[in-house]
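Taking it in order: structure first as structure tokens, then the write-up.
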């Protein structure tokens, strides 16, 4: 029976990552510090001697798109992360694993996880230090206020002589939310647990980013320069925006939440004559994001 313990990877690598539409909790997405903490076997209890093999490990990150400035709906498209793969056997093995997406019944890491999508993948030493861009076949659309959990689920690797070590890459530059780990069979970690609380593993921050798309809220400094007049309005509503802002569309919502697209003229005016009297919320879509303002129709 192989002895399973929490082991930090004893390897160092460096690669640069640059991506669009990426939500990250890493202070720096550059892969600089090797592989993350994982439950693994190390028979001679000396890291880096080539007898190691990883056990079952799942790394987690949690994201709420609205915390990143997204409004309305957010489309989950996939995940970006690095793999560290060390082939000690020399047999050029492959390893099957899964990227999973969850929502939770309570704020993560509490609550019960419900899987909403997954991506089956296979890796090998050829992907060592390489950015993995895992993409769903079909995007999953959820409100931007939804907490989304992305996880890389790695089954255990074989023991010697066919052993290898495979894990998610890290960056030690810092993070603004914890990295979580479970390893049910290997270490008995049955619930997602912050890596920092598992032992002396400082700066062991998984590079595990959520990829998607949605509408970004307008920067507050720019939003303060957007005005509507007259308000209350009888017929024509004027929309004033900074010269750097281009209006791409607008929707008027009544108090019941029913939305009606309204046309914004070339002069940035909206004809409200067909609207019933009442209070509305006007959402303006721009090239810099969205802004919502109250409109009173007389």
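Numbering (mature numbering (1 follows the signal peptide of the UniProt record, and there is no 0)), first residue to last: -19 to -1, 1 to 279.
Note that the Cβ used here is the ideal one computed from N, Cα and C, for glycine as well.
Given the structure is predicted, the values throughout are model-derived calculations rather than measurements.
Worksheet item: Can you list, in chain order, the residues of its chain whose CB lies under 6 Å from that of residue 86, leaving out five sequence neighbours each side?
Response: Taking the chain shown and counting its residues from 1, one reaches residue 86 at position 105. Correct list, in chain order: 92 and 93.
Worksheet item: Taking C-beta to C-beta, are residue 3 and residue 176 nearer than 7 Å?
Response: One-based indexing of the chain shown puts residue 3 at position 22. One-based indexing of the chain shown puts residue 176 at position 195. No, they are not a contact pair.
Discussion item. For residue 118, list the residues DSSP reports as bridge partners.
Written reply: In the chain shown, residue 118 corresponds to position 137, counting from 1. According to DSSP, residue 118 bridges with nothing at all.
Discussion item. Can you find the residues in the same chain that come closer than 7 Å, C-beta to C-beta, to residue 126, ignoring five residues on each side of it along the sequence?
Written reply: Numbered from 1 along the chain shown, position 145 holds the residue referred to as residue 126. Excluding positions up to five away in sequence, the list reads 45 and 47.
Worksheet item: Based on the DSSP output, what are the partners of residue 165 in its beta bridges?
Response: Here residue 165 refers to the residue found at position 184 when the chain shown is read from its first residue. DSSP lists no partner for residue 165.
Fill in: Exposed unless 16 or more other CB atoms sit within 10 angstroms - verdict on residue 278
Taking the first residue of the chain shown as position 1, residue 278 is located at position 297. It counts as buried.
Practice prompt. Tell me whether residue 48 sits in a helix, a strand or coil according to DSSP, three-state version.
Written response: On the chain shown, position 67 is the one that residue 48 refers to. Three-state result, residue 48: helix.
Worksheet entry | Short Cβ contact (7 Å threshold) for residue 167 with residue 7 | On the chain shown, position 186 is the one that residue 167 refers to. On the chain shown, position 26 is the one that residue 7 refers to. Cβ distance not < 7 Å, so residue 167 and residue 7 don't count as in contact.
Practice prompt. Could you tell me the boundaries of the beta strand (DSSP E) in which residue 173 lies?
Written response: On the chain shown, position 192 is the one that residue 173 refers to. From DSSP, the beta strand (DSSP E) with residue 173 extends over 170 to 175.
Discussion item. Assuming the contact rule is C-beta atoms closer than 8 Å, residue 50 and residue 114 should be a hit. Round their C-beta distance to whole Å, please.
Written reply: The sequence position of residue 50 within the chain shown is 69, counting from 1. The sequence position of residue 114 within the chain shown is 133, counting from 1. Contact flag wrong, Cβ pair sits at about 23 Å.
Worksheet item: Can you name the start and end residues of the beta strand (DSSP E) that residue 229 belongs to?
Response: Position 248 of the chain shown holds residue 229. From DSSP, the beta strand (DSSP E) with residue 229 extends over 228 to 234.
Worksheet item: In the DSSP assignment, what residue or residues form a beta bridge with residue 80?
Response: Sequence index remark: in the chain shown, residue 80 carries index 99 (1-based). For residue 80, which the question treats as bridged, DSSP gives the partners 100 and 133.
Discussion item. Among 261, 104, 103 and 83, whose alpha-carbon lies nearest the alpha-carbon of residue 97?
Written reply: Position 116 of the chain shown, counted from the first residue, corresponds to residue 97. When each option's Cα is compared against that of residue 97, the closest is 83.
Practice prompt. Within 10 angstroms of the Cβ of residue 34, are there 16 or more other Cβ atoms? Answer buried if so, exposed if not.
Written response: Position 53 of the chain shown, counted from the first residue, corresponds to residue 34. Label assigned to residue 34: buried.
Worksheet entry | Neighbourhood of residue 219 by C-beta, 6 Å cutoff - its chain only, sequence neighbours within 5 removed | Here residue 219 corresponds to residue number 238 of the chain shown, with the count starting at 1. Taken in chain order, the residues that qualify are 210 and 250.
Worksheet item: Quick one: what's got a C-beta closer than 7 Å to residue 106's C-beta in the same chain, skipping five residues either side?
Response: The sequence position of residue 106 within the chain shown is 125, counting from 1. Contacts found: 66, 68 and 73.
Item to complete: For the beta strand (DSSP E) containing residue 146, list its first residue and its last residue.
Response: Stepping through the chain shown from its first residue, residue 146 is reached at position 165. Looking at the DSSP string, the run of the beta strand (DSSP E) that includes residue 146 is 145 to 149.
Worksheet item: In terms of residue numbering, what span does the beta strand (DSSP E) encompassing residue 72 cover?
Response: As a first step, residue 72 must be located in the chain shown, where it is residue number 91. Taken as a continuous stretch (DSSP letters only), residue 72 belongs to no beta strand (DSSP E), as it is neither H nor E.
Fill in: Beta-carbon spacing of residue 266, residue 230 below 7 Å
Mapped onto the chain shown, residue 266 falls at position 285. Mapped onto the chain shown, residue 230 falls at position 249. For residue 266 and residue 230, yes; Cβs fall inside 7 Å.
Item to complete: Scan the region 221 to 276 and note each continuous beta strand (DSSP E) run of 3 residues or more that stays entirely inside, going in chain order.
Response: 228 to 234, 240 to 243, 250 to 252 and 259 to 267
Worksheet item: How big is the Cα-Cα spacing for residue 255 and residue 192?
Response: Reading the chain shown from its first residue, position 274 is the one you call residue 255. Reading the chain shown from its first residue, position 211 is the one you call residue 192. Distance between the alpha carbons of residue 255 and residue 192: 41 Å.
Item to complete: Using alpha carbons as the reference points, say which of 181, 253, 228 and 204 lies closest to residue 212.
Response: One-based indexing of the chain shown puts residue 212 at position 231. Nearest of 181, 253, 228 and 204 to residue 212, Cα basis: 253.
Fill in: Beta carbon of residue 272 nearer than 7 Å to that of residue 165
Taking the chain shown and counting its residues from 1, one reaches residue 272 at position 291. Taking the chain shown and counting its residues from 1, one reaches residue 165 at position 184. No.
Worksheet item: Beta-carbon separation of residue 122 and residue 56 under 7 Å?
Response: Here residue 122 is taken as the residue at index 141 of the chain shown, counted from 1. Here residue 56 is taken as the residue at index 75 of the chain shown, counted from 1. Yes, these two residues count as a Cβ contact at 7 Å.
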